[in-house]
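Presented below is the structure to which this report refers.
There are 2 protein chains.
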Amino acid sequence: MTISIVDIARIAGVSPSTVSRALQDHPRISPERRAEIQRLAESLGYRPNQMARGLVTGRSYMLGAVVTDITDPFVAEVLKGAEAAAREAGYGLLFAMSNRDPAQELAAAETLLDHDVDGLMVISSRAPHRYADLPRRGDRETNAQTPVVLVNNGVAGPRLFSVRMDNVGGAREAVAYLRRLGHRRIAFVAGPEGGRSNRERLDGYRQGLVANGLGSATELIVQGAGLPEDGPRALATLLALADPPTAVLCYNDLAAIGLLAAAARTGRRVPGELSVVGFDNIPLSAYATPPLTTIEQPTAALGRTAVESCLRALAGGAVADVVLQGRLIVRESAGPCAR
Amino acid sequence: MTISIVDIARIAGVSPSTVSRALQDHPRISPERRAEIQRLAESLGYRPNQMARGLVTGRSYMLGAVVTDITDPFVAEVLKGAEAAAREAGYGLLFAMSNRDPAQELAAAETLLDHDVDGLMVISSRAPHRYADLPRRGDRETNAQTPVVLVNNGVAGPRLFSVRMDNVGGAREAVAYLRRLGHRRIAFVAGPEGGRSNRERLDGYRQGLVANGLGSATELIVQGAGLPEDGPRALATLLALADPPTAVLCYNDLAAIGLLAAAARTGRRVPGELSVVGFDNIPLSAYATPPLTTIEQPTAALGRTAVESCLRALAGGAVADVVLQGRLIVRESAGPCAR
DNA sequence: TTGAAAGCGCTACCAT
DNA sequence: ATGGTAGCGCTTTCAA
């Protein structure tokens with residue numbers, strides 16, 4: 001039989017209230033009693049029932065995370081940062097996957113909310129505008145709704161916060177770097193259409209071209225899905241151009257690695273004949289052939305910051321939207337322009 | 340204010356019990372009332388409070404997963420399978436990371452247990468023997484302890500189950516394949532020392548050598564950690580041998596990809612001069628240069644099966660330990676022996 | 001078929 | 001400093 005607070009009270013010859021106080025280091029209890037009861041609880045292997053506690057305090061001490069696909073290295077890294085931060089604060093992390101589908105995403109969010117998470121994070125939402133009027137439980141005292149933090153795809157709203165990276169700046173920096181290497185024909189392999197970060201990176205790419213005195217050309221932008229599978233098609237399309245690019249910026253590392261593999265297969269030397277720059281700096285990008293030059297996502301920081309925003313909102317504090325900077329990681333897939 | 344079962348009862352002019360029955364499709368209620376109440380609840384945006392429900396039923400409808408590092412592609416895939424299975428069964432998934440540290444692992448398990456998970460899965464445990472006497476809450480009715488399923492590192496015990504892949508068979512198959520390609524000097528880059536799957540794969544490697552009439556040699560086994568970082572050192576060590584190997588089986592794909600990168604950097608052609616076989620079939624292995632031949636882990640199936648075992652144990656059914664087979668995925672990193 | 005009432009394990013308020 | 005008591009939102013007997 002599981003041992004409860006009443007059992008301890010009976011054995012110690014005190015009331016349940018006293019035991020409760022002893023266990024949560026309440027000030028109004030004598031130090032000896034507290035020590036004695038804590039020792040007893042310890043020796044009995046007592047573990048508090050969080051559901052009972054939660055029922056009265058109105059807190060579950062769980063945060064929820066809705067993710068597109070935990071198998072995506074970017075998502076995994078963000079989640080890793082979030083988990084660490086949550087655990088440090090004594091919170092558990094409940095997660096659910098959307099498989100990149102808006103309907104599944106909303107359903108996942110509701111499931112987590114049903115499990116009474118105290119706060120919700122959504123990583124790379126595919127339906128950011130739907131959270132403003134998602135039914136959320138109100139706090140019993142303050143009547144404030146469960147805070148929602150949109151990671152990497154934010155829109156403002158009541159009790160709706162956002163944490164994201166500066167995609168525009170990152171892409172612009174990548175283009176500037178390629179220009180410094182002498183490249184003038186720079187292509188872009190786009191990611192999932194309609195996605196916000198794709199739009200921003202595309203913007204940054206365009207701004208980068210303009211800022212560096214390079215005209216943009218529609219033919220240099222090819223559509224992809226942010227997957228390694230994009231590589232072969234993108235490469236074929238770009239190389240078939242009358243005036244093919246000497247450098248390619250990819251929406252993300254996954255696509256860039258697919259591109260690298262396709263180039264190797266078709267005997268195209270990188271960076272000799274073609275420079276490739278990725279985006280995200282996933283762990284394996286350092287071990288690609290050649291090692292991938294890329295824009296680093298502040299992944300762990302995104303997750304950690306999201307948790308902190310949740311917690312701050314929960315504590316009733318003011319929460320500002322956060323924009324974190326990425327950084328260019330120079331490796332070997334981009335080099336001087338040969339032409 | 341959040342709406343509760345009593346609110347609905349008041350509005351509908353019935354008792355809370357009736358509402359409760361209507362909401363859970365209880366048989367002893369008139370169909371019209373049920374429909375009416377369900378409609379009302381729906382329109383009011385009612386969401387049941389799982390904590391209150393859990394407090395009385397003794398179930399949280401959450402499963403826990405302790406993982407080493409969610410950033411490890413293998414772990415992520417297993418978790419993905421588990422999440423899908425859990426969600427289909429109406430369960431949420433709470434997870435915590437151990438960072439490969441036994442102490443953190445046990446702490447994580449206790450945290451999840453404290454959050455009242457109905458069942459616990461531990462993926463790639465670093466302390467499998469500690470679960471037999473981990474204090475677990477007993478079921479209120481049957482008094483059965485919370486079931487624990489060890490994924491990929493199982494030991495039997497009371498309410499302790501295991502789901503794993505056949506590592507020995509997989510490694511043996513890889514060696515047999517390399518032998519068929521003509522290789523006779525086959526090396527092994529080992530993974531984390533003391534790990535069970537490392538031991539099993541090493542066993543399979545040795546058995547494979549024997550079964551194919553090849554003597555084993557200590558010098559052909561180099562220690563690693565199952566990370567891309569293993570690559571450079573392993574390659575250097577093996578190529579420095581008087582009689583270097585013509586093929587290498589790696590503990591996992593991460594190490595194999597590191598090896599591939601190291602080979603490319605030092606101008607070693609793969610598979611021309613050296614054949615490389617990985618283990619796990621992580622998503623990116625197909626996009627390595629060259630695409631990696633590997634033994635597939637039935638990852639999603641492992642996660643799914645783990646959840647099913649948990650649920651079966653929860654339902655009071657008999658649970659057998661499960662061993663799932665891997666499969667050889669032939670790609671391009673292994674070829675005929677040139678010598 | 002429905003309602004009343006007890007109680008899940010805990011916290012927090014009001015007494016003392 | 002401690003105990004009594006109410007109640008969190010729900011399910012589940014037991015009666016009607």
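Chains as they are written, first to last, in the numbering used here: chain Y, 1 to 339; chain P, 340 to 678.
Virtual Cβ for every residue (Gly too), placed ideally from N, Cα, C.
Note that the coordinates shown come from a computational prediction; the quantities given were computed from them, not determined experimentally.
Check	Outcome
Own chain, CB closer than 8 Å to residue 335(Y), minus 5 neighbours either side, in chain order	181, 271, 272, 275
Alpha carbon of residue 567(P) to alpha carbon of residue 206(Y), nearest angstrom	35 Å
Pairwise C-alpha distance: residue 384(P) and residue 221(Y)	45 Å
Proximity test, Cβ basis, 9 Å: residue 389(P) and chain Y	yes
Counted within 10 angstroms of its Cβ, other Cβ atoms place residue 482(P) as buried (16 or more) or exposed	exposed
Boundaries of the alpha helix (DSSP H) in which residue 43(Y) is found, first to last residue	31-44
Beta-carbon gap between residue 172(Y) and residue 214(Y) smaller than 9 Å	no
Test: residue 618(P) CB closer than 9 Å to a CB of chain Y	no
Close beta carbons around residue 690(P), own chain, < 6 Å, minus the five adjacent residues each side	The question about residue 690(P) has no answer, for chain P in this structure spans 340 to 678.
For residue 484(P), the nearest candidate out of 635(P), 551(P), 652(P), 599(P) (CA to CA)	652(P)
Span of the alpha helix (DSSP H), counted from its first residue to its last, around residue 536(P)	535-550
Beta carbon proximity, residue 7(Y) to chain P, threshold 9 Å	no
Pairwise C-alpha distance: residue 529(P) and residue 541(P)	7 Å
Where the alpha helix (DSSP H) containing residue 134(Y) begins and where it ends	First-last for residue 134(Y): undefined, no H or E at that position.
Neighbour flag for residue 23(Y) against chain P, beta carbons, 9 Å	no
Minimum Cβ-Cβ distance from residue 504(P) to chain Y less than 9 Å	no
The segment 432-449 of chain P touching the segment 379-394 of chain P, judged by at least three CB pairs closer than 8 Å	no
Presumed contact (8 Å Cβ cut-off) between residue 264(Y) and residue 231(Y), rounded CB distance	About 10 Å; that fails the 8 Å criterion.
CB contact below 9 Å: residue 108(Y) versus chain P	yes
Sub-9 Å separation of residue 462(P) and residue 513(P) beta-carbons	no
CB contact below 9 Å: residue 288(Y) versus chain P	yes
Selected residue, minimal CA-CA separation from residue 647(P), among 426(P), 605(P), 375(P), 607(P)	426(P)
Assigned secondary structure, residue 443(P) (DSSP; H/G/I helix, E/B strand, else coil)	helix
Whole-angstrom distance between residue 37(Y) and residue 23(Y), CA atom to CA atom	8 Å
Proximity of residue 226(Y) and residue 192(Y) at Cβ, strictly below 9 Å	yes
Reduced DSSP category for residue 399(P) - H, G, I as helix; E, B as strand; rest coil	coil
Rounded straight-line distance, which links the Cα of residue 593(P) to that of residue 412(P)	9 Å
Length of the line joining the Cα atoms of residue 297(Y) and residue 259(Y)	20 Å
Closer than 9 Å to chain Y by CB, residue 576(P)	no
Inter-residue spacing [alpha-carbon to alpha-carbon] between residue 26(Y) and residue 137(Y)	29 Å
Beta-carbon gap between residue 474(P) and residue 47(Y) smaller than 9 Å	yes
Per-residue contacts from residue 76(Y) into chain P (C-beta, under 7 Å)	409, 410, 415
Neighbourhood of residue 596(P) by C-beta distance below 8 Å, restricted to the same chain and skipping five residues each side	567, 570, 617, 623, 624, 627, 631
Residues of the segment 286-319 of chain Y whose Cβ lies closer than 9 Å to any Cβ of chain P, in chain order	286, 287, 288, 289, 290, 291
Outcome for residue 468(P) when other beta-carbon atoms lying within 10 angstroms are tallied against a minimum of 16	exposed
Interface partners of residue 399(P) on chain Y, CB under 7 Å	51
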